[in-house]
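Following my numbering, the numbering of the sequence shown begins with 494 at its first residue and continues without gaps. Using N, Cα and C, we set each Cβ at its ideal position, and we do this for glycine too. Since the model is a prediction, treat every value here as computed from it, not as a measurement.
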Amino acid sequence: MKVTAKTISEQLGISIATVDRALNNRKGVSPKTSKKILEKAEELNYIPNKSASFLSRKKQVLIAFVFPEFPEYFWNEIELGIKSAVADFQDYGFYIETIRTKKFDIEEQLETVQEIINSEKYDGLVLSPIDDFPFIDIINKGIERGIPIYTLNTDSPLSKRISYVGADYEDSGKLAGDLLDKFTPNSKKIALITDQINTLEVKKQEVTDAKDSLKQSSRLRSRHSLQIKQKVHGFKEYMRKCNDKKQIYSFEIESNNLIPSIMSLKDELSDMDGIYVASGVLVEVATCLEQMNFNNMPVLLGHDMSEEIHQFFIRGIVTASICQDPVHQGYLSVRKVFNHLMLDIPIEQSRDIVKLEIVTKGNVKYYIHK
Numbered sequence: 494m495k496v497t498a499k500t501i502s503e504q505l506g507i508s509i510a511t512v513d514r515a516l517n518n519r520k521g522v523s524p525k526t527s528k529k530i531l532e533k534a535e536e537l538n539y540i541p542n543k544s545a546s547f548l549s550r551k552k553q554v555l556i557a558f559v560f561p562e563f564p565e566y567f568w569n570e571i572e573l574g575i576k577s578a579v580a581d582f583q584d585y586g587f588y589i590e591t592i593r594t595k596k597f598d599i600e601e602q603l604e605t606v607q608e609i610i611n612s613e614k615y616d617g618l619v620l621s622p623i624d625d626f627p628f629i630d631i632i633n634k635g636i637e638r639g640i641p642i643y644t645l646n647t648d649s650p651l652s653k654r655i656s657y658v659g660a661d662y663e664d665s666g667k668l669a670g671d672l673l674d675k676f677t678p679n680s681k682k683i684a685l686i687t688d689q690i691n692t693l694e695v696k697k698q699e700v701t702d703a704k705d706s707l708k709q710s711s712r713l714r715s716r717h718s719l720q721i722k723q724k725v726h727g728f729k730e731y732m733r734k735c736n737d738k739k740q741i742y743s744f745e746i747e748s749n750n751l752i753p754s755i756m757s758l759k760d761e762l763s764d765m766d767g768i769y770v771a772s773g774v775l776v777e778v779a780t781c782l783e784q785m786n787f788n789n790m791p792v793l794l795g796h797d798m799s800e801e802i803h804q805f806f807i808r809g810i811v812t813a814s815i816c817q818d819p820v821h822q823g824y825l826s827v828r829k830v831f832n833h834l835m836l837d838i839p840i841e842q843s844r845d846i847v848k849l850e851i852v853t854k855g856n857v858k859y860y861i862h863k
């Protein structure tokens, strides 16, 4: 049963008006009576109805959250954070609708965003664009039509989006380079694995040494998302600066044919000292490495956490993973939009960067949400 001011009034035999003044710290109540009311409120676990002013204004807001299906475990964590925030704001007339699009289908996501804008049903949009450049125009047009648009986890920084919540992927790539350098101090061969957007072809790139590897950055523009490009650039930049003796072998796998693509690299991967998986396919790479059953397993490093990745840690296949607290990202994104649209709080910074966390076998159990 919900405790109200009337409940406190009845139990103390004090008028509702007096109880209301004490609970809201208004004048006209003696210190002795106020103390009695506040103690009773604490005893009954009274929760103030902060939503009353919102309801009286009859202001309701509906926000669309659009993000991909894949990797499912990651976006489930994002959605967990979204739901947690919604629970905090459920009495304020603030509503969320989540829409998941196919994993690597840019056209479908563009169509979904266009439908949201055209529907005039939503008061705002939080978008995780599959890539940055293709969404600049549609984000700008949405903003021009008066729809607040924010980005989550992946950004479109050249657009007019209001704000971004997520990781700094350049730093994430540098951290991956730092970790691999420490885990493989005497190594000479490092594999860099990425997957492609809207392409079905595996391209085994020519080997480059760390000093020259940045020259290939521009070749990633048409095949990779901004997030992957930033990770790759950060990783190669770190490796170039810290150790020019390591050779980086870059491999692209088919996003729509993951396992066969990875298995086709068995001969190449057998000779590697370390592997960095820059995209969200750590589970698939770990699965294939376990099946390959090399005598000397390479150090395997990737991103994010799931129960499957946890099990690969336990079995010694995955060495480390860089996490970015997706639950917090989901929660913070909702909070930012709520403050902006419901409380009219201006956006003071256009980027809210979440912390990066290193997970190994020793602390992996703390990163599993069951």
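Contact between I686 and Y566 does not hold, since the beta-carbon distance rounds to 18 Å and is not under 8 Å. It is roughly 28 Å from the alpha-carbon of P561 to the alpha-carbon of I807. For L537, the closest alpha carbon among the candidates T511, L505, P564 and R519 is that of L505. I556 is positioned such that its CB atom lies closer than 8 Å to that of G617.
Linking I610 to R593 through their CA atoms gives a straight-line distance of about 16 Å. With respect to the 8 Å criterion, C816 and V852 are classified as neighbours on the basis of their beta carbons. The alpha-carbon of F728 is positioned some 29 Å away from that of I632.
By the neighbour-count criterion, in which a residue is buried when 16 or more other Cβ atoms sit within 10 angstroms of its Cβ, P753 is exposed. Going by DSSP, T780 is part of no beta strand (DSSP E) but of the alpha helix (DSSP H) stretching over L775 to M785.
Beta-bridge analysis with DSSP links K682 to Q740. Restricting attention to G809, Q583 and L782, the CA atom closest to the CA of M765 is found in L782. With contacts defined as CB atoms closer than 8 Å, S621 and T644 qualify as a contacting pair. In the three-state DSSP reduction, P561 falls in the strand class (E or B). Partner residues in the beta bridge of T644, as assigned by DSSP, are L620 and Y657. With 16 or more other CB atoms across the displayed protein chains lying within 10 angstroms of its CB, N646 is buried.
For the stretch 781 to 844, the full-length alpha helix (DSSP H) segments reaching 4 residues or more read 800 to 807 and 819 to 834 along the chain. By the C-beta density criterion, H862 is exposed, having fewer than 16 other C-beta atoms within 10 angstroms. With distances taken between CA atoms, D688 lies nearest to K724 out of I655, K724, E663 and A660.
The alpha-carbon of A510 is positioned some 12 Å away from that of N518.
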